[in-house]
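Colleague: My questions will all concern the structure given below.
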Amino acid sequence: MRIFIGVLILFYTSLTWANPVTFIPANHPDIQYTGRIDFSNPKLPRFWAAGVYLQMKFQGSSCAIILNDEVLYGKYHNYLEIALDDQKPFRVQMTGKTDTIKLDNVKSGIHTVTICKNTEALIGYLEFVGIQCEKLLPMPPKPKRKIEFIGNSITCGMGSDVAAIPCNKAEWYDQHNAYYSYGAIVARTLQAQYHLTSESGIGLIHNCCDKPFLMPQVFDKVNVGSNVVPWNFKNYIPDVVAVCLGENDGIQDSVKFCSAYIDFIHTLRSHYPKAQIVCMSSPMANAALTKQMKNYLTGIVNHAVKQGDRKVSKFLYSRTYESGCGGHPDLKDHQLMANEVTTYLKSLMKW
Numbered sequence: 158m159r160i161f162i163g164v165l166i167l168f169y170t171s172l173t174w175a176n177p178v179t180f181i182p183a184n185h186p187d188i189q190y191t192g193r194i195d196f197s198n199p200k201l202p203r204f205w206a207a208g209v210y211l212q213m214k215f216q217g218s219s220c221a222i223i224l225n226d227e228v229l230y231g232k233y234h235n236y237l238e239i240a241l242d243d244q245k246p247f248r249v250q251m252t253g254k255t256d257t258i259k260l261d262n263v264k265s266g267i268h269t270v271t272i273c274k275n276t277e278a279l280i281g282y283l284e285f286v287g288i289q290c291e292k293l294l295p296m297p298p299k300p301k302r303k304i305e306f307i308g309n310s311i312t313c314g315m316g317s318d319v320a321a322i323p324c325n326k327a328e329w330y331d332q333h334n335a336y337y338s339y340g341a342i343v344a345r346t347l348q349a350q351y352h353l354t355s356e357s358g359i360g361l362i363h364n365c366c367d368k369p370f371l372m373p374q375v376f377d378k379v380n381v382g383s384n385v386v387p388w389n390f391k392n393y394i395p396d397v398v399a400v401c402l403g404e405n406d407g408i409q410d411s412v413k414f415c416s417a418y419i420d421f422i423h424t425l426r427s428h429y430p431k432a433q434i435v436c437m438s439s440p441m442a443n444a445a446l447t448k449q450m451k452n453y454l455t456g457i458v459n460h461a462v463k464q465g466d467r468k469v470s471k472f473l474y475s476r477t478y479e480s481g482c483g484g485h486p487d488l489k490d491h492q493l494m495a496n497e498v499t500t501y502l503k504s505l506m507k508w
């Protein structure tokens with residue numbers, strides 16, 4: 158297929174190039190990674206979470222990006238978002254166990270490419286194998302600001318992108334787009350790094366769909382979908398932690414829910430002593446849950462402040478956002494949500 162530049166997805170094989178190129182493995186120091194990633198094999202870094210992204214600066218008129226897909230259950234194929242320089246990003250789905258994504262017809266020069274995992278852990282992992290190009294150059298330092306967004310399918314960007322496949326067609330994850338989720342947009346707008354620690358259906362004390370693990374149980378893992386691979390919190394200390402949970406919990410006993418939320422804040426504080434913790438309402442909640450969440454979050458924040466933690470606050474969306482699949486926000490909704498959150502964080506953090 159052709160998308161603004163030449164884009165070709167191939168099974169891993171030899172390629173023909175206009176100029177001499179070299180293969181640069183995934184452990185090259187000029188490749189910049191952001192997100193919860195398993196580096197136990199540095200030449201095949203593995204990542205599950207939606208929104209994990211890597212960036213490279215290359216010289217030449219083309220490059221080829223090589224990735225492995227878990228192909229979970231023998232049929233799931235992850236989606237990616239690829240951005241070249243300041244051109245419009247495009248969405249690509251993996252097609253095999255090992256795919257080569259070639260970007261050609263690029264003006265000869267120095268280019269920056271960003272690769273973002275659009276689908277969540279429940280679709281399986283990706284492994285970055287390496288890049289073929291004329292030359293790889295050092296990336297500029299990462300932004301100093303750091304944000305972590307903790308949430309459910311909303312934070313994953315589930316059901317948001319219907320450009321290629323309408324709702325309720327093919328696989329349930331075909332409309333995932335983490336790159337254009339509210340959290341990723343907020344971070345790019347505020348010139349910050351971001352992590353999306355999120356999974357569809359997950360809750361604080363109650364999950365959707367008989368899922369086995371609650372967020373407090375898997376928060377310390379690289380793969381929150383299967384509760385495996387311990388995460389080293391020293392690898393990423395956010396300035397802001399935005400928690401958007403409660404949609405899958407629904408209306409619960411207020412004491413149980415608020416107590417669990419306070420315990421989770423204590424967990425966050427144990428890892429991030431100086432972070433601003435923002436407790437967010439659900440943008441797709443119905444009127445009854447929205448009212449209850451406001452009460453929950455008000456009580457939770459008041460309790461934290463009374464206990465001496467003044468870096469806990471609440472954020473309430475101004476309206477519901479449910480134009481996407483299954484009542485989830487669509488891409489336009491995510492942009493509007495991001496606008497609200499960006500305005501709030503700019504004021505809160507003096508950014």
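Start counting the sequence shown at 158; every next residue gets the next number (our numbering). Yeah, the Cβ is synthetic: ideal placement off N, Cα and C, and Gly gets one too.
1) Helix, strand or coil: how does DSSP classify Q128 here?
2) Just to confirm my understanding: we take W205, look at its own chain, exclude 5 residues before and 5 after, and list those with CB closer than 7 Å. What are they?
3) Does DSSP classify G287 as helix, strand or coil?
4) Distance check for S310 and F472, CA to CA, integer angstroms please.
5) Using three-state DSSP, classify R345 as helix, strand or coil.
6) Return the residue from the list N334, P373, P430 and L361 that minimises the CA-CA distance to D490.
7) Where does Y501 fall in DSSP's three states?
8) Within 10 Å of its beta-carbon, does R467 have 16 or more other beta-carbons around it, so buried, or fewer, so exposed?
9) Enumerated in chain order, which unbroken segments of the alpha helix (DSSP H) with a length of 4 residues or greater are wholly contained in the stretch 317 to 391?
10) Which class does N225 belong to by DSSP, given the choice of helix, strand or coil?
11) Assign Y190 to one of three DSSP states: helix, strand, or coil.
12) Suppose you measure from the CA of P373 to the CA of I304; what does that come to, to the nearest Å?
13) Going by beta-carbon coordinates alone, are V435 and V385 separated by less than 8 Å?
14) Could you check how far apart the C-beta atoms of N225 and E291 are, in whole angstroms? I think they sit under 8 Å.
15) Spatial neighbours of D242 within its chain, please: CB distance less than 7 Å, with the 5 preceding and 5 following residues excluded, ordered by chain position.
16) Do you know whose CA, among H428, F376 and Y418, lies nearest K391's CA?
17) Would you check if the distance between the CB atom of F414 and the CB atom of I359 is smaller than 8 Å?
18) What number of angstroms, rounded off, separates the C-alpha of K274 from the C-alpha of H423?
Modeller: Taking the coordinates as given:
1) Examination of residue 128 is not possible in this model, given that the chain is present from 158 through 508 alone.
2) A278, Y282, V379, N380 and G382
3) strand
4) Going from the Cα of F472 to the Cα of S310 covers about 18 Å.
5) helix
6) N334
7) In the structure shown, Y501 falls within a helical segment according to DSSP collapsed to helix, strand and coil.
8) That one is exposed.
9) 339 to 346 and 372 to 375
10) strand
11) Correct three-state label for Y190: strand.
12) 19 Å
13) no
14) The pair is not a contact, with the Cβ atoms about 24 Å apart (cut-off 8 Å).
15) H268 and T269
16) H428
17) no
18) H423 has its alpha-carbon roughly 30 Å from the corresponding atom of K274.
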